[in-house]
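Residue numbers (mature numbering (1 follows the signal peptide of the UniProt record, and there is no 0)): -24 to -1, 1 to 299.
Don't be surprised by glycine CBs; every beta carbon is placed ideally from N, CA and C.
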């Protein structure tokens, strides 16, 4: 083989690679919730918009139902860019980005409408920026509505006294363990995927979450009592791996922010419909919804707000001032 021929063969692959368009950026989105859940639907619609608006330069695939791991495992994968996007509970973020704990504190929001006004405004953006500017290696893009969290248990909780000694699953954040303990329960941290069997085997007596979660994860098969404490009203950030974010062009970054914000607004309408439908299905399945006086629960958690909220005193005043 002549030198010229060898040179030609060496150059040909480079020529073809330059002539071909750049490969698409593939986005894997991980979700702990199952297909059809409000967050999953809104995020899938967001993915369709990304694919269409980018003319295929960005591709999107949803992995729902926890198939890529627990929230903690997925966050770790997202931090290194193995997963490109996810929606995560603030309970997981709090230990790494302490500033988000202002939203994690019990009864920091007056009601659901108050929470939405806060996340739609300056404070909501500030908290997203705190996550982005941390060493978490994530870019926080928007908020999903995680609903109001209340107690669901195997025995009825009609007052603060009924909760005493009950083993209640909470998210893995010391703040939530302290919150549950302050209300008289025994807070036990575990992943969402472990709750079903833990309820069945008696490892826990209950958990705390919203009606769609109680229904979709089949926890109602063991926990037949839903006590409307509304002790937490938690927004949940949609995040992208900063490793992935840095591969996007400025125009693509602007597009991702735009469609994520649209997903934020779309998801809450889906949430409201899903929450109402879930409550009706749960009642039909024999779940009793219990209305309680929440003031004793609020008063019992005052030490938790004092312990974790001291550094956020000014921000909490701003949150309270939002009308």
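| Check | Outcome |
| --- | --- |
| Proximity of residue 117 and residue 215 at Cβ, strictly below 8 angstroms | yes |
| Inter-stretch contact at 8 angstroms, needing at least 3 Cβ pairs: the stretch 128 to 141 / the stretch 96 to 107 | no |
| Selected residue, minimal CA-CA separation from residue 100, among 203, 45, 39 and 121 | 121 |
| C-beta contact flag for residue 266 and residue 94 at 8 angstroms | no |
| Three-pair Cβ contact test at 8 angstroms for the stretch 55 to 67 versus the stretch 254 to 268 | no |
| Other residues of its chain near residue 53: CB distance less than 6 angstroms, five sequence neighbours each side excluded | 59 |
| Terminal residues of the alpha helix (DSSP H) in which residue 73 lies | Counting along the chain, residue 73 falls outside any alpha helix (DSSP H), and DSSP gives it neither H nor E. |
| According to DSSP, residues forming a beta bridge with residue 121 | 211 |
| Among 41, 199 and 102, nearest to residue 76 - alpha-carbon criterion | 102 |
| Best match in 207, 288, 64 and 260 for proximity to residue 16 [C-alpha to C-alpha] | 64 |
| For residue -4, three-class secondary structure by DSSP | Confidence in residue -4 is poor, its pLDDT being 39 and thus under 50, which makes the residue's placement unreliable; the coordinate value appears in the next sentence. Of the three classes helix, strand and coil, the one that applies to residue -4 here is coil, per DSSP. |
| Selection from 159, 182, 160 and 158 that minimises the alpha carbon distance to residue 166 | 182 |
| Presumed contact (8 angstroms Cβ cut-off) between residue 44 and residue 6, rounded CB distance | 4 angstroms |
| Candidates 194, 227 and 247, of which the one nearest residue 171 by Cα | 194 |
| Pick from 40, 10, 47 and 2 that is closest to residue 32, judged by C-alpha positions | 2 |
| Other residues of its chain near residue 191: CB distance less than 7 angstroms, five sequence neighbours each side excluded | 254, 257 and 258 |
| Member of 51, 85 and 86 whose CA lies at the smallest distance from the CA of residue 69 | 51 |
| Among 207, 247 and 156, nearest to residue 328 - alpha-carbon criterion | This structure cannot settle anything about residue 328, because the visible part of the chain is limited to -24 through 299. |
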